[in-house]
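If you number the sequence shown the way this note's numbering does, the last residue is 124 and the count never jumps.
Idealized CB from N, CA, C, for every residue including glycine.
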Amino acid sequence: MVLGIVSLLALGLSSSVQSTFAAVEEQIFFMEFEELYRETQKRSLAGQQKMNLMLEERSIDNGYRKLAIPKGIQLKFNQSITFDKAGGNSSLASVKFQTRKEVVRYQLYLGNGKIKRIQEAKN
């Protein structure tokens, strides 16, 4: 009986730790995505050349750096963001990711390259 109770407690704690780890992993990913977006924008401006940020099912790549998308996050659509010579986004208006609990949408402002994260409850 005691072994059963201890097992249930351990299982409950393990589940809680896994859930917390997944939430932290998601937040780190989104911070890294935002940094990769800004890095690509800066490289485009510094090099005075167009650059693409490729968003694919399991990774995001700018040709210099590749970011893996964690298993708990799903990119809604494969996409490419094109930055012009001035570092402005000239191709795409938004990017969506699905997590366990919510949809995270990035509003990309065409022309100026600014980005805004919007978190929406999962339907």
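What does the Cβ neighbour count give for residue i, buried or exposed, with the cut at 16 atoms within 10 Å?
i: MET52; result: buried
i: GLY114; result: buried
i: GLN42; result: buried
i: PHE84; result: buried
In chain order, what residues of the same chain lie with their CB nearer than 7 Å to the CB of residue i, ignoring the 5 residues before and after it?
i: THR100; result: GLU27, GLY73, ILE74
DSSP three-state label for residue i, please.
i: ILE119; result: strand
i: THR83; result: strand
i: GLU36; result: helix
i: LYS43; result: helix
i: GLU26; result: helix
i: GLN108; result: strand
i: SER17; result: helix
i: PHE98; result: strand
Just to confirm my understanding: we take residue i, look at its own chain, exclude 5 residues before and 5 after, and list those with CB closer than 6 Å. What are they?
i: ASP62; result: MET55
i: GLY64; result: none
i: ALA23; result: GLY73
i: PHE78; result: none
Using alpha carbons as the reference points, say which of the options lies closest to residue i.
i: SER60; options: SER81, LYS43, LEU111; result: SER81
i: GLU58; options: GLU35, VAL25, LEU76, LEU37; result: LEU76
i: LEU68; options: MET32, GLN50, ILE119; result: MET32
Suppose contacts are defined by Cβ-Cβ distances below 9 Å. Is residue i in contact with residue j by that definition?
i: GLU121; j: VAL104; result: yes
i: PHE98; j: ILE116; result: no
i: GLY88; j: LEU46; result: yes
i: PHE34; j: TYR107; result: yes
i: ARG66; j: LEU37; result: yes
i: LYS86; j: LYS102; result: no
Leaving out five residues before and five after residue i in sequence, what residues of the same chain have Cβ atoms less than 8 Å from its Cβ?
i: TYR110; result: ASN90, ILE116, LYS117
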